[in-house]
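Sequence positions in the sequence shown follow mature numbering (1 follows the signal peptide of the UniProt record, and there is no 0) and run -36 to -1, 1 to 154.
Ideal Cβ placement from N, Cα and C applies to all residues, glycine included.
Source: prediction; values computed, not measured.
Reading through the C-alpha cells given below for one structure.
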Amino acid sequence: MQHRAKKFSARTKAIAATAGVAAVGAGAFGAFSATADTTSAAPAAAPVAVRSEAVTTSTHLTVEAATDAARAALDAAEKEGQRVSVAVVDRDGNTLVTLRGDGAGPQSYESAVKKAFTAVSWNAPTSELAKRLENAPNLKDIPGTLFLGGGAPVAHDDAPVAGVGVAGAPSGDLDEKFARAGVAALGDGS
C-alpha cells in the first residue's frame, strides 16, 4: 500500500506558518517577560505631609444620630396615622438613613431623599425654599432637589451638618412637621 502525500494549498501553508511564528514569538515574549528586571522600577511615592492651612475640617452627623432622627420623624408621623418615608442625608448630601414606613407610597422614598438634600444644601426648610421659586424659578432645575415642604436642615454651630426629609403625608406642612420632629430629637434639650 502506497501512501500519497496530500498537497496543501498555498493558503493553508501560509496560515500554518503564521501560526507557528506566532507561537514561537509568544513563547519568546513570555520568557523575556518572566525574566524582566524589576529592580529599575521607580519606587512608590512617599506620602507628603500637608501644612495645616491647606486642609479644612467639617462636622458630620453620626449614623447613630441620623438613625435617631429618622426614627423620631417616622414615630411622629405614625402617631398621627400618616404613612411616610424618611431620609437623613449628611452635609455632602449622601444618604445616611432611610426608613420607609408601613404603607408609604412608592414615590415617597425618593421624594424624602430629595427634600433632605435640598434642606441641607441651602441650610433652610424646604417650605421656605419653595417660596424662593417665585423669584428664581430655575432653582427647581438643580439636579437632586425638590422644592416642596418636608425637608428640615440640621445645623451645628450655625453650619449645616445634615438634612431630614419626609414625604408621603397629604401636605408638605405635615411632612415638614415630622421632619422637624426628627431634627428636635437631635437637640441637647437646652
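Residue i vs residue j beta-carbon contact at 8 Å
i, j, result
"L60", "L25", "yes"
"G113", "G136", "yes"
"A30", "A119", "no"
"A116", "V77", "no"
"D139", "A149", "no"
"A37", "A133", "no"
"A68", "F142", "no"
"V49", "S72", "The amino acid occupying residue 49 in the given sequence is Ser; Val does not appear at that position. Closer than 8 Å, so yes."
Bridge partner(s) assigned by DSSP for residue i
i, result
"T62", "A51"
Whole-angstrom distance between residue j and residue i, CA atom to CA atom
i, j, result
"K95", "N102", "13 Å"
"V19", "G45", "47 Å"
"T90", "R47", "20 Å"
"G122", "A8", "Checking the sequence, you will find Asp at residue 122 rather than Gly. Each residue's alpha carbon lies about 42 Å from the other."
"K104", "A51", "20 Å"
Sequence-distant residues of the same chain with beta carbon closer than 6 Å to residue i, five excluded per side
i, result
"G57", "F81"
"R35", "none"
Same chain, Cβ closer than 7 Å to residue i, five either side skipped, listed in chain order
i, result
"F(-8)", "Unreliable placement is indicated for F(-8), whose pLDDT of 47 sits below 50; no coordinate value is reported for it."
"R55", "S22, H24, V84, P124, V125 and A126"
Contact set for residue i: own chain, Cβ-Cβ below 8 Å, skip 5 residues either direction
i, result
"V27", "L60 and V61"
At 3 residues or longer, what runs of the beta strand (DSSP E) sit wholly inside the region 73 to 139? Listed in chain order, the complete beta strand (DSSP E) runs (minimum 3 residues) inside the region 73 to 139 are 115 to 120 and 123 to 131.
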